[in-house]
Each structure stands twice: as structure tokens, then as C-alpha cells.
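**Q** Quick one: the structure is below, questions incoming.
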Amino acid sequence: MGGTGIMAIGLKTHIWNNNLKSVVLLLLYPFIMMGVIWAVFWAVGMSLARHSATNMIRAYSSLDDLRNFPIKAADGPMKPDVSIQFANSMLLEYWPIVLTVIIIWFLIAWFMHTSMVRTLSHSHPVSRSEEPDLYNLLENLCISQGIKMPRLEIIETHARNAFASGIDDKSYSITVTRGLINSLRRDELEAVLGHELTHIINRDVRLLIVTVIFTGMFGFAAQMVWSSIRYRVFYTRGRRENGGGVVVAIFLIAIILWLGYLATLVMRFALSRRREFMADAGSVEMTRNPDAMMRALLRIAGRDHIPQTTGDIAMMCIENHVPFLGLFATHPPIEERIQAISKVTGTPIPQLPHTGPAAREESFLGPQQPATDGMRPNPWLTRGRRP
480 MGGTGIMAIG LKTHIWNNNL KSVVLLLLYP FIMMGVIWAV FWAVGMSLAR HSATNMIRAY
540 SSLDDLRNFP IKAADGPMKP DVSIQFANSM LLEYWPIVLT VIIIWFLIAW FMHTSMVRTL
600 SHSHPVSRSE EPDLYNLLEN LCISQGIKMP RLEIIETHAR NAFASGIDDK SYSITVTRGL
660 INSLRRDELE AVLGHELTHI INRDVRLLIV TVIFTGMFGF AAQMVWSSIR YRVFYTRGRR
720 ENGGGVVVAI FLIAIILWLG YLATLVMRFA LSRRREFMAD AGSVEMTRNP DAMMRALLRI
780 AGRDHIPQTT GDIAMMCIEN HVPFLGLFAT HPPIEERIQA ISKVTGTPIP QLPHTGPAAR
840 EESFLGPQQP ATDGMRPNPW LTRGRRP
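Adding 479 to a residue's 1-based position in the sequence shown gives its number in this note's numbering.
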């Protein structure tokens, strides 16, 4: 097993980088939000440029600072550069409010993230008496690493998946699905727990929580802006002087929000893919069993989807299959992860038997569930298995 030592190289640097990224995100996200808000104000200003200054004040008289907004032409069309002045004026006026809302949102989400994750994932905590085998597996791994044992939770679903969450020793947790417990062998389950424990040790989970909090804030703000725009469309319907400006505003703001959404997807992509390879390596280093890690991934492949969970939860899971050739995927394909483990450790890719765990799977779970309950074709096992 000397090859597994190679995979330990860079883990400390990875932890340091994750801590640095968490701090950078904390500092960067407020500026990103300010930029998006400025762009929204600019879009509104561009739409108003089609109308006279008098109509602008009449249509948006609820905003006090617009009354004092410098008007270049009293009754003539506004020039495009005035929309930039409009955005600057609005942002300078309201940035303290925006920053306060961002800080309050972050603090609430930071201290309530445990209950939020539990609610979104439909999980429940379990004790040693309820799940003695699973509890002992995790406890032994924690003892071997000299770390405090995270809270253990279970999602009652046939899907096969697991994830870690939390920001500190008091809030760290590892959540597994009932389908995973019932379909994996003991050493395979240990490998999955090692994978999730590595995410905690590497501080991946803290980085992800920070990302989820701020992307959630962006999504909520986008939804509120879109609802406000829809209300204004209905409110101003039939008003010739405002209708065209509203349509332009909707179009511009929709583009801004779409670009912002794509930016969050790219950020998730950048933060997530490499951490899965590192967690696989950490699990193999921890358990000294690359074959079990590969077998676990084989059994999870195609059966990972947890019904009724959000994209934020799926992002944290050991596997998050994305169709359309992995466009904006937060996880590398399982095939690549298995090949990486096999190549680095010199361990052949295992061939799963058609008995044993498969029999356990049917006796505990019954017949395979439909695709809506997390089942998809396994790209590695396409022949010879019972349905």
C-alpha cells in the first residue's frame, strides 16, 4: 500500500487553500452582490432613458433620492450616460442598507445552517443504539484520525448517497441514506464514511457552507427582484408612457440575473470537482483499502439522486450526477474517480459480483424503485444484473 502515501501529498496545502478561499469568499461576495445591484439600477436607468425626466419622477416617486437626481434635460429624453449616474447615485444611497442585509442574512444562515440542512435534506440524527454498526464504523475512523466524532444522520430514501456538512466541531455532521446502508458492504460503507470525514478534515464543508449561504442569498435576491418586476408589469399594464420602459428593464435585468446565476455555477464547479478527488484519496489513505472505495463508487453510480432535495444539498453529496455530458457538473464523473484511484494505487478496477450485496439490496429494499426515487443506469454495470 505504499502507493497510497503519494495521495497524502498536498492535503495540508489543500486545507490551507480551503481556509484561504473561505476568507476570500467572505470578503468577495458582498462586492459581487453590490455589483449585481448596481447593474440592476443601471438597467432601470437605461429603461427610463426612453422617457422624459418628468415621467421618470412620476413613475418612481416612491424613491426619495430620485426627486433630487440631477436631470440634464427637463422634458427631453435622458442620455444613456445618465443611467450610469442613476446607478451610482442609487448605490451610494443604499449601500449601507444592502451591506446590513447581507451581514444579517449571513449571520442567520451561519448559526441556523444545521437545521436548514436537516430540513432541506429531510434527514434525522441517529444514536449508537439505533445504528450500532454504522456508528461504530464512524467512531473507529475518528479515533484513528484523532478527531471528534461528527453527528451521524440518516435520510430515509432508497437512493445511495452521503454528504458532510458543518462549520466547526460542534456542528459537523455526516449524513447517509438508508439505501446506501442497505446496499453496501461493511468495508465499502467505511470507505464512504472516510470520504466524508476527509471533507471535514480538509475543511471542504466549511467552504461549501459559505458558498451555499451566499449563492442562496443571490438566488433569493434574484427571485425578489423578478417578483417585483412582474408586479410592476401588471401594475403599469396599459400605461403607454411606462410600458416600454418596463419591458426594457425586464429584459436587461433578466440578462443580469442570468449572468449572475451562471457565475455561481462556475464558482461551484471550480470549488467542487477537485475536492472529490482529494476526498477519495483521503479515504483510501485512511482505510488502506482502495478496492473498497472503488466498489462503493460502483454501487453508488446511477443510484445517487435523492428525491426532493435542492441543488445545494446535491452539491455536498459524494456523487451528484448531472446529465448533458456533465455541463456545469459539481462532481467529476465516477468513472474518472475510479480510474484515478486505480492508477495511483495500482489496484485493478473491481468487478462487482451479482450475488451477496445484491441479495441484501433486494431483501432490505425490495424491488428496484423507479427513476424518480434515485435510480439511473449504472454506466459500469450494464449487463447481467438482476433488475
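The beta carbon of each residue, even a glycine, is placed where N, CA and C say it ideally should be.
In whole angstroms, give me the CA-to-CA distance for ILE820 and THR598.
**A** One C-alpha to the other measures close to 34 Å.
**Q** Please confirm if the segment 559-577 is in contact with the segment 603-617, defined as three or more CB-CB distances below 8 Å between the two stretches.
**A** No contact exists between the segment 559-577 and the segment 603-617.
**Q** Among LEU620, PHE520 and HIS784, whose alpha-carbon lies nearest the alpha-carbon of GLU572?
**A** Residue PHE520 is the option with its Cα nearest to GLU572.
**Q** In whole angstroms, give me the CA-to-CA distance for THR593 and MET525.
**A** THR593 and MET525: Cα-Cα distance of roughly 42 Å.
**Q** Do you know whose CA, among GLY761, THR766, VAL523 and THR690, lies nearest TRP589's CA?
**A** The candidate whose alpha carbon is nearest that of TRP589 is THR690.
**Q** Which class does PRO786 belong to by DSSP, given the choice of helix, strand or coil?
**A** Three-state result, PRO786: coil.
**Q** Between which two residues does the alpha helix (DSSP H) carrying ARG657 extend?
**A** It spans 657-662 - the alpha helix (DSSP H) in which ARG657 sits, taken as one unbroken run.
**Q** Since THR654 contacts THR636 with CB under 8 Å, what's their CB separation in whole angstroms?
**A** Incorrect: roughly 11 Å between the Cβ atoms, too far for contact.
**Q** Out of GLY781, GLN787, PRO829 and LYS822, point me to the one whose CA is closest to PRO812's CA.
**A** Checked all of GLY781, GLN787, PRO829 and LYS822; the closest Cα to PRO812 is GLY781.
**Q** Can you name the start and end residues of the beta strand (DSSP E) that HIS603 belongs to?
**A** Taken as a continuous stretch (DSSP letters only), the beta strand (DSSP E) holding HIS603 covers 602-604.
**Q** Are ILE785 and ASN681 closer than 8 Å when you measure CB to CB?
**A** Contact flag unset, no.
**Q** Using DSSP bridges, identify the partner residues of THR654.
**A** THR654 pairs with GLU632 and PHE642.
**Q** Rounded to whole angstroms, what's the CA-CA distance from ASP770 to ASN661? Just pull it up for me.
**A** Going from the Cα of ASP770 to the Cα of ASN661 covers about 19 Å.
**Q** Using only the alpha-carbon positions, how far apart do MET757 and GLU764 sit?
**A** If I take the Cα positions, the gap works out to 10 Å.
**Q** Note down the Cα distance separating GLY825 from ILE817, rounded to an integer number of angstroms.
**A** Near 12 Å, if we compare the C-alpha coordinates of ILE817 and GLY825.
**Q** Buried or exposed: which applies to TRP517, given that a residue is buried once 16 or more other Cβ atoms fall within 10 Å of its Cβ?
**A** Answer is buried; the Cβ neighbour count reaches 16.
**Q** Applying the 10 Å Cβ sphere with the 16-neighbour rule, what's the burial state of THR694?
**A** By the neighbour-count rule (16 or more Cβ atoms within 10 Å), THR694 is buried.
**Q** In terms of residues, what are the limits of the alpha helix (DSSP H) holding ALA676?
**A** In the sequence on display, residue 676 carries Leu and not Ala. Segment 665-680, the alpha helix (DSSP H) holding LEU676.
**Q** For PRO629, count neighbouring C-beta atoms within 10 Å of its own C-beta (all shown protein chains included) and say buried if the count is 16 or more, exposed if not.
**A** Classification of PRO629: buried, given that the 10 Å Cβ count is 16 or more.
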